[in-house]
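Worksheet: the structure to be examined is printed underneath.
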Amino acid sequence: MGELLPKPPTLVPKIGLVEVGMPTRILIADDNALVRRALRVLIETNEDWKVCAEAVNGRDAVAKAFELRPDLIVMDFLMPMLNGIQAAREIGKEAPTPPMLLYTMFLTSQLAEEARAAGFEAAICKDSSGELMAGIRALLRHESFFPPLAALV
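Numbering-wise (our numbering), the sequence shown opens with residue 6 and increments by one.
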């Protein structure tokens, strides 16, 4: 008689970046604990999104991105050890790179261009929390989300 073969694993279909039925795992990186807490609360108002970790500086963001493989990263620009641009470049050395959104108080046209060159697919000012949600949704649809350069200094 033939031997019994193990049943192959069930494959879970994927839509966009995440498995169907699984929440989108988002890494947030900001050196300010109050900002991280506010981001977590805001992001998790969407039941399909879950903050998988919080990074307190750029080097921590790189380590957690490599360790946890989040579906998306929301990262500040001004952080200790590595700024958001430097951290994004480090994360970009590893493939596949999750979509990254720069979330900063100091968004200028020059910074938006640097962010795009470093691998960010979105850049948003911290004073527009409504745009944060729209930016995350855009990235999950594989779209970029940058403000018009004319609107920036």
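Idealized CB from N, CA, C, for every residue including glycine.
Bear in mind that the values here come from a model prediction, so they are computed numbers and not experimental data.
Annotation: the continuous beta strand (DSSP E) that includes Leu-107 extends over 105–109. Taking C-alpha positions only, Trp-54 is separated from Ile-33 by approximately 12 Å.
Distance from the CA of Ala-38 to the CA of Met-80, rounded to the nearest whole angstrom, comes to 13 Å. Between Ala-127 and Gln-115, the alpha-carbon positions lie close to 14 Å from each other. The segment 69–101 is shown to contain whole beta strand (DSSP E) runs of 3 or more residues at 77–80, in chain order. CA-to-CA, the gap between Leu-112 and Cys-130 works out to about 6 Å.
Residue burial annotation: Asp-65 is buried, with at least 16 other C-beta atoms found within 10 angstroms of its C-beta. Residue range 29–34 is occupied by the beta strand (DSSP E) that includes Arg-30. Cβ atoms of Ala-123 and Gly-97 come within 8 Å of each other, at about 7 Å. Each of Pro-104, Gly-135 and Ala-92 was checked against the Cα of Asn-51, and the nearest Cα belongs to Gly-135. One thing to note: Asp-76 has its Cβ within 9 Å of the Cβ of Leu-145. Per DSSP, Glu-52 lies in no alpha helix (DSSP H) and is assigned neither H nor E. In the DSSP assignment, Ser-149 falls outside any alpha helix (DSSP H), carrying neither H nor E. Around the CB of Phe-150, 16 or more other CB atoms lie within 10 Å, so the residue is classed as buried. Less than 9 Å divides the Cβ of Glu-119 from the Cβ of Ile-90.
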